[in-house]
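A.B. asks: Chains as they are written, first to last, in the working numbering: chain A, 1 to 114; chain B, 115 to 228.
For every residue, glycine included, the Cβ atom is placed at its ideal position computed from N, Cα and C.
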Amino acid sequence: NAGVTQTPKFRVLKTGQSMTLLCAQDMNHEYMYWYRQDPGMGLRLIHYSVGEGTTAKGEVPDGYNVSRLKKQNFLLGLESAAPSQTSVYFCASSYSQGRTNVLTFGAGSRLTVL
Amino acid sequence: GNSVTQMEGPVTLSEEAFLTINCTYTATGYPSLFWYVQYPGEGLQLLLKATKADDKGSNKGFEATYRKETTSFHLEKGSVQVSDSAVYFCALSRESGGYNKLIFGAGTRLAVHP
């Protein structure tokens, strides 16, 4: 099983450029999430989706947009990249949304903004 | 607010040593508690979880007990192996605005040497 696949794995951008990170899951999960991981700060939720066609803001949504046009895909976009968005981005998905919910993560996408 | 505090790393041990990684939390009510592990170059994966006070989660020789009186969920292993080298994240799940939010600690890097 592929699980959660993220592309690209690495990307270097210049300030002001735009890009899209793609997340694909093959587990028929309803819920999908985008996190960023920064040193000393753990993972912080950017945006999430509770189903196809829906998205919602997490803790740190500013500067990012998302779309969930198909159930298996969750796209994270940066319209005008800033150095503060240099980070490792993780996509995750889950079958349910309860308090005992377990997330399946992708391998991460490392983004550097110069 | 809700938060998770982990001991700072890196933690460096010799093979077969005893491991403890401390985790304490702040939350109202009764969160679920998790340990996720991130091996080099991979995404996070669930190591173990506990959903109520005094529950013990265990997996792959790792254990953690949900201690409500001390608001702690310390991770332990009796004899570590080189293959346990990874970053370990403590997390809690709490309902917030109709969504079960997963809050992560900053992570603790473990390096095990032969």
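Answer yes or no: do Glu190 (chain B) and Thr134 (chain B) have a C-beta to C-beta separation smaller than 7 angstroms?
C.D. replies: As a working mapping, residue 190 (chain B) is identified with position 76 in the second sequence. As a working mapping, residue 134 (chain B) is identified with position 20 in the second sequence. Cβ distance < 7 angstroms, so Glu190 (chain B) and Thr134 (chain B) count as in contact.
A.B. asks: May I have the straight-line CA-CA distance separating Gly51 (chain A) from Ser199 (chain B), to the nearest angstrom?
C.D. replies: Your numbering for residue 51 (chain A) matches position 51 in the first sequence. Your numbering for residue 199 (chain B) matches position 85 in the second sequence. Spanning the two alpha carbons is a distance of roughly 36 angstroms.
A.B. asks: Measuring straight from C-alpha to C-alpha, what distance separates Val151 (chain B) and Ser18 (chain A)?
C.D. replies: As a working mapping, residue 151 (chain B) is identified with position 37 in the second sequence. As a working mapping, residue 18 (chain A) is identified with position 18 in the first sequence. For Val151 (chain B) and Ser18 (chain A), the distance between alpha carbons rounds to 31 angstroms.
A.B. asks: So which of A:Leu103, A:Thr86, A:Gly53 has the shortest CA-CA distance to Ser207 (chain B)?
C.D. replies: The residue given as residue 207 (chain B) occupies position 93 in the second sequence. Closest option to Ser207 (chain B), Cα to Cα, is A:Leu103.
A.B. asks: If you draw a straight line from the C-alpha of Leu45 (chain A) to the C-alpha of Asp62 (chain A), how long is it?
C.D. replies: As a first step, residue 45 (chain A) is located in the first sequence; it is residue number 45 there, counting from the start. As a first step, residue 62 (chain A) is located in the first sequence; it is residue number 62 there, counting from the start. Each residue's alpha carbon lies about 11 angstroms from the other.
A.B. asks: When you compare the CB positions of Ala225 (chain B) and Thr138 (chain B), do they come within less than 7 angstroms of one another, or not?
C.D. replies: By 1-based counting over the second sequence, the position of residue 225 (chain B) is 111. By 1-based counting over the second sequence, the position of residue 138 (chain B) is 24. No, the pair does not count as a contact, with Cβ atoms beyond the cut-off.
A.B. asks: Alpha carbons only, please: which of B:Lys166, B:Arg223, B:Gly171, B:Trp149 is nearest the one belonging to Glu183 (chain B)?
C.D. replies: On the second sequence, residue 183 (chain B) is found 69 positions in, with the first residue counted as 1. The shortest C-alpha separation from Glu183 (chain B) is found at B:Lys166.
A.B. asks: Using a beta-carbon distance below 7 angstroms, is Thr165 (chain B) in contact with chain A?
C.D. replies: Residue 165 (chain B) sits at position 51 when you count from the first residue of the second sequence. So, interface residue.
A.B. asks: Which of the three DSSP states is assigned to Asp38 (chain A) in this structure?
C.D. replies: Taking the first residue of the first sequence as 1, we reach residue 38 (chain A) at position 38. Here Asp38 (chain A) sits in strand by DSSP.
A.B. asks: Output needed for Asp38 (chain A): all residues of its chain with C-beta closer than 7 angstroms, excluding positions within five of it in sequence on either side, in chain order.
C.D. replies: Numbered from its first residue, the first sequence carries residue 38 (chain A) at position 38. Ser87.
A.B. asks: Can you grab the Cα-Cα spacing for the pair Tyr153 (chain B) / Thr15 (chain A), in whole Å?
C.D. replies: Residue 153 (chain B) sits at position 39 when you count from the first residue of the second sequence. Residue 15 (chain A) sits at position 15 when you count from the first residue of the first sequence. If you take the alpha carbons of Tyr153 (chain B) and Thr15 (chain A), they lie about 31 angstroms apart.
A.B. asks: Compare the C-beta of Phe218 (chain B) against all C-beta atoms of chain E and say whether one is closer than 7 angstroms.
C.D. replies: In the displayed structure, chain E is absent; the protein chains listed are A and B.
A.B. asks: 7 angstroms is my cut-off, CB to CB: does Asn173 (chain B) come that close to chain A?
C.D. replies: On the second sequence, residue 173 (chain B) is found 59 positions in, with the first residue counted as 1. Not closer than 7 angstroms to any Cβ of chain A, the Cβ of Asn173 (chain B) fails to qualify, so no.
A.B. asks: Using a Cβ cut-off of 7 angstroms, pull out every chain A residue sitting near Leu160 (chain B), in sequence order please.
C.D. replies: Along the second sequence, one-based indexing puts residue 160 (chain B) at 46. Result: Val102.
A.B. asks: List in chain order: all unbroken beta strand (DSSP E) runs of 3+ residues lying wholly within the region 10 to 35 of chain A.
C.D. replies: Runs found: 10 to 13, 19 to 25.
A.B. asks: Thinking C-beta only, is Ser93 (chain A) closer than 7 angstroms to Gln6 (chain A)?
C.D. replies: By 1-based counting over the first sequence, the position of residue 6 (chain A) is 6. By 1-based counting over the first sequence, the position of residue 93 (chain A) is 93. In this structure, Ser93 (chain A) does not lie closer than 7 angstroms to Gln6 (chain A) by Cβ.
A.B. asks: Check whether the Cβ atoms of His188 (chain B) and Asn136 (chain B) lie closer than 7 angstroms to each other.
C.D. replies: The residue you call residue 188 (chain B) lines up with position 74 of the second sequence. The residue you call residue 136 (chain B) lines up with position 22 of the second sequence. Yes.
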